[in-house]
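In this note's numbering, the protein residues as written are 14 to 467. Down below is the structure, laid out as structure tokens.
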Ligand code: PFF
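What follows is the structure, encoded as structure tokens:
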């Protein structure tokens, strides 16, 4: 017998869980470097517009589908459109959660490793590129290091499984209530440290004065893709968390909180990073290496820098963990609801399988170092499939489903019951039926052209 469906016991519990899902590597690792390569503040302006006209309506849509059906993504589509192939959209979501978690856990594992690298000490003159390479397993003359990246990937996955096996209230909600406040405090400490460094003004100037000459078509694509990834949209994570909402929850307000927290934390993360990077005369446009190579070099130069480095990688790991649990929860909720698995069995077995699927990304810098798909390594390939294909396709089909099959009007009515401080007005139908699908189709097409032609 399957027991009654669990529900968040407090409104804050849900908001922190969904914000915990949203705030992750996407905010602290990806957002700053994407902003760095896209001209700073100019990117942020475009990103904010994408969040408002695409991110927020999609967030409301997914929360509504979950709350309405009280089901995992596959069950949600089945309940709304029985005996049609629409459930495949939910299945794509479960599959995407599987794929994203497999490599997300690898990067999160590097972050865990760096907590200990920081404890060992970041010192001036160290070769931080080399430190990074040894962490991800590149052969720097002593033979490839296969063990380190895999162990940290495994440790991170075990933490994720441990929380999810505890359930919605005793696992997810209990942990996000501890971890999210810690995350905020760590972030604020790092911001104060960064903006009070001598020479931090140049970083603030870069971050706050838009350079529209750096804006290209790619900037818009990056902004829209980032808004999906950062808000955990397009794959049913928010449907799943929404399915644990009770009747009296207010969708418009909850959605506003989650989108606001995610966006606020991404922007604040920029205030921790750019001033510090510029204060030391380093380059912000370093791409993915910004977090793991440039920042440790920054910490090495600061008084008590290893301590701040420790706080930073702790922050990054916590952010990653509260996101990873939502990815695993999608897969587990599906098995529990649809296949009658116990939560314990689903969490442990799926954790193990996802760990195994992630191994090629973990060994992408040694054993699978020769792998190349359109010039991308294993991790970038997984990431490309998830971000350039699965999330936009999942988001597009979800928007079309709710906009045209369920009908935006009905979703709107349901979302407004009970009414909250942010009413879902008729703008919702316009956005979800026309603007969101059009934007996603553009991203899909140009993203594909760019990858295959570029
Ligand atoms: N939103 C997370 C981040 O910004 O790192 C990533 C993510 C988590 C994407 C959960 C999708 C998801 F379902």
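Note that beta-carbon positions come from the ideal geometry of N, C-alpha and C, so glycine has one too.
Taking the Cβ of residue 243 as the reference point, at least one heavy atom of the ligand PFF falls within a distance shorter than 8 Å.
In terms of Cβ geometry, residue 409 and residue 457 form a close pair [threshold 9 Å]. Check the Cα spacing between residue 101 and each of 174, 88, 442: the tightest is with 88. With respect to residue 390, residue 381 sits close: the two C-beta atoms are nearer than 9 Å. Residue 326 sits in a helix when the DSSP states are folded into three classes. Burial of residue 275 is indicated by the presence of at least 16 other C-beta atoms within 10 angstroms of its C-beta. Between the beta-carbon of residue 206 and that of residue 321 there is about 6 Å, and that keeps the pair under the 8 Å contact cut. A distance criterion of 8 Å places the beta-carbon of residue 207 beyond contact range of the ligand PFF, judged by its closest non-hydrogen atom. For residue 343, the CB falls within less than 8 Å of some heavy atom of the ligand PFF.
Within the same chain, and ignoring the five residues on either side of residue 256 in sequence, the residues whose Cβ sits closer than 6 Å to its Cβ are 79, 83, 84. Relative to the ligand PFF, residue 196 has its C-beta separated by 8 Å or more from all heavy atoms.
Distance from residue 364 to residue 341 at the Cβ level is roughly 7 Å; contact confirmed, criterion being Cβ atoms closer than 8 Å. Comparing C-alpha distances from residue 287 to each of 38, 18, 42, 37 shows the shortest one belongs to 42. Residue environment: residue 385 is assigned as exposed (fewer than 16 neighbouring CB atoms within 10 Å of its CB, all protein chains considered). Under the 8 Å Cβ criterion, the segment 239-250 counts as touching the segment 25-42, having at least three qualifying pairs.
Of the residues assessed, residue 315 falls on the buried side of the cut-off, its CB having 16 or more other CB atoms within 10 angstroms. Taking the C-beta atoms as reference points, residue 158 is found nearer than 9 Å to residue 151.
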